[in-house]
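**Q** Take the sequence shown: its letters are residues 100 to 241, numbered as in our numbering. My structure is below; once you've seen it, I'll send some questions.
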Amino acid sequence: MKKIILIILTFGISNIFAQINFTYADHLALGVENSFTTGEFYKNILGLKELQNPTPNQRWFDFGDKFELHLVEGVFMSKKIKENHIGLTVSNMENIMDLLKEKNVYFESWNGKKNSFEKRWDGVKQIYFQDPEGNWIEINEK
Numbered sequence: 100m101k102k103i104i105l106i107i108l109t110f111g112i113s114n115i116f117a118q119i120n121f122t123y124a125d126h127l128a129l130g131v132e133n134s135f136t137t138g139e140f141y142k143n144i145l146g147l148k149e150l151q152n153p154t155p156n157q158r159w160f161d162f163g164d165k166f167e168l169h170l171v172e173g174v175f176m177s178k179k180i181k182e183n184h185i186g187l188t189v190s191n192m193e194n195i196m197d198l199l200k201e202k203n204v205y206f207e208s209w210n211g212k213k214n215s216f217e218k219r220w221d222g223v224k225q226i227y228f229q230d231p232e233g234n235w236i237e238i239n240e241k
């Protein structure tokens, strides 16, 4: 009986999500300890445009295509793992690698090889680095 109820609930919930027509992804909220320092990284290293936001201890940035990054001070995870990351796509991996080297930002492949990209199973190049609070960022070239 429990299995039948679980099956009904699973298909019922997935059916609800199938009926939702999301227009686009709006933002990623990232809990940080210091929104100023972390915000300066996204602004000055990654070159993101800062958006106006009157909320104290928050900084918002524009990723493009209506997608924003919201840095929210006060709530953050103490353990930062690479599997939890922001993924951004660029048209030229070499340019971003040169920029990160110029700005002295350590980056690595998925397997931890310094200053190197790795090709994913589908041929996509990837590198990973961290913001000042240890949040992982993936840059990929498709």
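Quick reminder that beta carbons are idealized off the backbone N, C-alpha and C, glycines included.
Would you check if there are 3 or more beta carbon pairs closer than 8 angstroms linking the region 218-227 to the region 157-170?
**A** No, the region 218-227 does not touch the region 157-170.
**Q** Quick check on the DSSP output: the alpha helix (DSSP H) that includes F135 runs from which residue to which?
**A** Reading the sequence shown from its first residue, position 36 is the one you call residue 135. Start and end: S134 to N143.
**Q** Classify N239 as helix, strand or coil using the three-state DSSP reduction.
**A** Against the sequence shown, residue 239 aligns to sequence position 140. Correct three-state label for N239: strand.
**Q** Terminal residues of the continuous beta strand (DSSP E) containing I78?
**A** A query on residue 78 cannot be resolved here, the shown segment of the chain reaching from 100 to 241 and no further.
**Q** Classify S190 as buried or exposed, calling it buried when 16 or more other Cβ atoms lie within 10 Å of its own Cβ.
**A** Start at 1 with the first residue of the sequence shown, and residue 190 comes out as number 91. Exposed, because fewer than 16 other Cβ atoms sit within 10 Å of the Cβ of S190.
**Q** Any contact between the region 148-158 and the region 186-203? By contact I mean 3 or more CB pairs, one from each, below 8 angstroms.
**A** Result no; under three Cβ-Cβ pairs closer than 8 angstroms.
**Q** If you compare alpha carbons, which of F140, E149 and E193 is closest to I236?
**A** Reading the sequence shown from its first residue, position 137 is the one you call residue 236. Nearest C-alpha to I236: F140.
**Q** Run through DSSP, which three-state label would E217 get?
**A** Reading the sequence shown from its first residue, position 118 is the one you call residue 217. Strand.
**Q** Does DSSP put L198 in a helix, in a strand, or in coil?
**A** Sequence index remark: in the sequence shown, residue 198 carries index 99 (1-based). Helix at L198.
**Q** Around the C-beta of D197, are 16 or more other C-beta atoms found within 10 angstroms, so that it is buried, or is it exposed?
**A** The residue given as residue 197 occupies position 98 in the sequence shown. Exposed: under 16 other Cβ atoms inside 10 Å.
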